[in-house]
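In case it helps, numbering that gives the first Met the number 0 puts the sequence shown at residues 0 to 373. Below is one structure, written out as structure tokens, with a few remarks after it.
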Amino acid sequence: MGKTPFALLLSLLLRRKNINVIALDFNSLNPDFYEIMKRVYTGKLSVITEVNGERFSYPMAIYEATTKSGGKVWVVSRADKYRYIPYPPYLIFDTIIKLKKIIREPTFIIVDTNLNIPAFNIALASSLELAKKLTSMFRDIYFFHIWTPGTLRKAPFGLTMMHEKTEIELIGSTVTTFSRYGIPLFGRNGENIIHIVTPRFFEAVLPDSFRAKILFLLRRIFGGTLNEAMVPIYDERRFWGNLLVELPTAYERSLRLITIRELSLMKSEFDRVVRELITTYRDFAVEADPLDIEIVFFSFILNHAMERATRTMPLNMIIIPFMVRKLVNFVDAMLLPSVLSEDSIIEREGIIGKIFEIWVNKVLLPGKIRMLRE
0 MGKTPFALLL
10 SLLLRRKNIN
20 VIALDFNSLN
30 PDFYEIMKRV
40 YTGKLSVITE
50 VNGERFSYPM
60 AIYEATTKSG
70 GKVWVVSRAD
80 KYRYIPYPPY
90 LIFDTIIKLK
100 KIIREPTFII
110 VDTNLNIPAF
120 NIALASSLEL
130 AKKLTSMFRD
140 IYFFHIWTPG
150 TLRKAPFGLT
160 MMHEKTEIEL
170 IGSTVTTFSR
180 YGIPLFGRNG
190 ENIIHIVTPR
200 FFEAVLPDSF
210 RAKILFLLRR
220 IFGGTLNEAM
230 VPIYDERRFW
240 GNLLVELPTA
250 YERSLRLITI
260 RELSLMKSEF
270 DRVVRELITT
280 YRDFAVEADP
290 LDIEIVFFSF
300 ILNHAMERAT
310 RTMPLNMIII
320 PFMVRKLVNF
330 VDAMLLPSVL
340 SEDSIIEREG
350 IIGKIFEIWV
360 NKVLLPGKIR
370 MLRE
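Here is the structure:
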């Protein structure tokens, strides 16, 4: 699952808290964020090409939504065919800066892109200047990154090791590029990156035989007695009930942020875990059930992220134990009707909406990351 469902959810949750939202779609492959948000609200559409004599790089479609209560909403994308044209990443910065000259009210701007963080590692003077201006205009800027087993394992092997870097190294290099010039775009050590960790399997009651198999694998990897509560196989009501009770406290107590250095150490340890798996089952990557891979990955992350002594979570990490089944074809389902409602989207996102709402209430709106960063 990509970033679009998370962007939608964040937009709707903030608006319902009387916060103004600009939903900006810069996904040149699948500009679904714009299309879905337009179907939620009635409103008026305008196309603009400049502001105060400064031209946008592309004509911009701005859909000003009509809302009876809560925050205001503007849904924005490049117009028509320009929506699908690849663009330099720093064009996002330029667009946001110009949009703020049109929409002067306090707003959260949520941008959906098909870009990963290393794409922003451009040390051109124009890119750095725009990034510096952006950080002076906004109190908080966050980048959301979704981790899966594949992204954590991306790395050069063999002869490529001299010339290529791991994904975490590329993210670290991006953070360093801006920090070197005194631009706190990602934070000094990557504190502004919000890490979403989710195994890509969907809610289901799993058989006891599968449970036994996974417990064996995890004991083999981590050694000793495994705390079975850390394994995301559950009685559904009890599991979610416990999670939703404990998560607010885990964020409230927390004074922790995951940095790039900690991610690098985590990757090194995960590489060791994978080697153990392959030693135990030589054809693990080929023969393993997809759920085996996902649960091993998720259990590893949870084991390293959760501070057991204090029962706290890193403030810049959102852990979703598994996807809601209705998200399998989420975007397609949202694009079929001509009219949508906020309730229909939030209902389809299910328990994920509650997890995000806890993070918004306990971390984002109180500004806890900013307080620790400063």
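Glycine residues also receive a C-beta, built at the ideal position from the N, C-alpha and C atoms.
- Annotation for M265: the continuous alpha helix (DSSP H) segment containing it runs 259-279.
- The continuous alpha helix (DSSP H) containing V39 extends over residues 31-39.
- It is roughly 44 Å from the alpha-carbon of P30 to the alpha-carbon of T279.
- Closest in alpha carbon position to I108, among F297, T173, V74, P58, is V74.
- For E128, the enclosing alpha helix (DSSP H) starts and ends at 124-136.
- For E341, the closest of Y83, I317, I182, V39 by C-alpha to C-alpha distance is V39.
- Rounded to the nearest whole angstrom, the CA to CA distance from K97 to V295 is 45 Å.
- DSSP places I109 inside the beta strand (DSSP E), whose first and last residues are 107-112.
- The beta carbons of L8 and I351 sit closer together than 8 Å.
- Beta-bridge analysis with DSSP links R103 to no other residue.
- In this structure, M316 lies near I257, with their beta-carbon atoms less than 8 Å apart.
- Short of 8 Å from the beta carbon of Y81, and not among the five residues preceding or following it, lie these beta carbons of its own chain, in chain order: Y57, P58.
- Cβ contact annotation for L129 (same chain, cutoff 8 Å, sequence separation greater than five): Y89, F92, D93, I96, in chain order.
- Contact between T197 and A249 does not hold, since the beta-carbon distance rounds to 17 Å and is not under 8 Å.
- Of the other Cβ atoms in all chains shown, fewer than 16 fall within 10 Å of the Cβ of T65; this residue is therefore exposed.
- Per DSSP, the unbroken alpha helix (DSSP H) holding T175 starts and ends at 166-179.
- Relative to K2, the option among L28, L339, V20 whose CA is nearest is L28.
- DSSP lists E306 as the bridge partner or partners of T311.
- Pairing P4 with L254, the inter-Cα distance amounts to about 28 Å.
- For T48, the enclosing beta strand (DSSP E) begins and ends at 42-50.
- In chain order, P88 place their CB closer than 7 Å to the CB of L114, counting only its own chain and leaving out the 5 sequence neighbours on each side.
- With respect to the 8 Å criterion, I84 and I61 are not classified as neighbours on the basis of their beta carbons.
- DSSP lists L44, V74 as the bridge partner or partners of Y62.
- DSSP places D24 inside the beta strand (DSSP E), whose first and last residues are 20-25.
- Excluding the 5 residues flanking it on each side, V244 has no same chain C-beta neighbour closer than 6 Å.
- For F5, the enclosing alpha helix (DSSP H) begins and ends at 3-14.
- Per DSSP, the unbroken beta strand (DSSP E) holding I145 starts and ends at 142-146.
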